[in-house]
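Trainee: This is the structure I have questions about; it appears just below.
Numbering (the working numbering), first residue to last: 6 to 131.
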């Protein structure tokens with residue numbers, strides 16, 4: 006995953022990332038933006054959570070995040086397509102995309118604050 010998507014998070018500010026799924030139809034390419042936010046922000050942005058999406062990690066699909074082509078597990082891409090609303094942006098936290106999976110430090114930090122991430126959600130999806 007492009008390192009520019011995953012700038013270091015400020016642990017003192019309890020930062021994490023959110024994905025904004027841009028409107029579109031299931032058959033169109035998936036376009037999203039990623040933004041860093043603090044769990045201390047008030048009001049918290051309204052977002053939904055989606056936990057790990059099982060699937061073959063070797064099967065990849067393309068999505069566009071911050072106008073950059075990104076190869077993600079096909080199961081993650083399928084969830085983003087299904088979650089997309091044709092009329093309005095949908096804000097989600099999905100661990101397979103919002104956590105820099107190549108950084109052990111970030112994965113460990115995000116696991117520590119996962120309870121806060123899930124408690125701030127408007128809806129948890131399985």
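Even glycine gets a Cβ: it sits at the ideal position worked out from N, Cα and C.
#1: Alpha carbon to alpha carbon, how far is residue 23 from residue 70? Give it in angstroms, no decimals.
#2: In this structure, does DSSP put residue 106 in helix, strand or coil?
#3: My output table needs one value for residue 52: the three-state DSSP class, helix, strand or coil.
#4: Compute the distance between the beta-carbons of residue 123 and residue 96, then report whether it is under 7 Å.
#5: For residue 19, which three-state DSSP category applies?
#6: Buried or exposed, going by whether 16 or more other CB atoms sit within 10 Å of the CB of residue 103?
#7: Examine the Cβ distances between the stretch 61-70 and the stretch 13-23 and report whether three or more of them are shorter than 8 Å.
#8: For residue 28 and residue 73, what's the separation of their Cα atoms in angstroms?
#9: Roughly how far, in whole angstroms, is the beta-carbon of residue 42 from the beta-carbon of residue 48, given that I think they are within contact range, below 8 Å?
#10: For residue 85, which three-state DSSP category applies?
Mentor: By the coordinates alone:
#1: Taking the chain shown and counting its residues from 1, one reaches residue 70 at position 65. Taking the chain shown and counting its residues from 1, one reaches residue 23 at position 18. Cα to Cα, the separation comes out at about 11 Å.
#2: For the purposes of this step, residue 106 is taken as the residue at position 101 of the chain shown. Coil.
#3: As a position in the chain shown, residue 52 is number 47, starting the count at 1. If DSSP states are grouped into helix, strand and coil, residue 52 belongs with coil.
#4: Translated into the one-based positions of the chain shown, residue 123 becomes position 118. Translated into the one-based positions of the chain shown, residue 96 becomes position 91. Contact: no.
#5: Taking the chain shown and counting its residues from 1, one reaches residue 19 at position 14. Of the three classes helix, strand and coil, the one that applies to residue 19 here is coil, per DSSP.
#6: Taking the chain shown and counting its residues from 1, the one referred to as residue 103 is at position 98. Counting Cβ neighbours within 10 Å, residue 103 comes out buried, since at least 16 surround it.
#7: no
#8: Within the chain shown, the letter at position 23 stands for residue 28. Within the chain shown, the letter at position 68 stands for residue 73. For residue 28 and residue 73, the distance between alpha carbons rounds to 17 Å.
#9: For the purposes of this step, residue 42 is identified with residue 37 of the chain shown, where counting begins at 1. For the purposes of this step, residue 48 is identified with residue 43 of the chain shown, where counting begins at 1. With a Cβ gap of about 11 Å, residue 42 and residue 48 do not count as contacting.
#10: Numbered from its first residue, the chain shown carries residue 85 at position 80. Helix, per DSSP.
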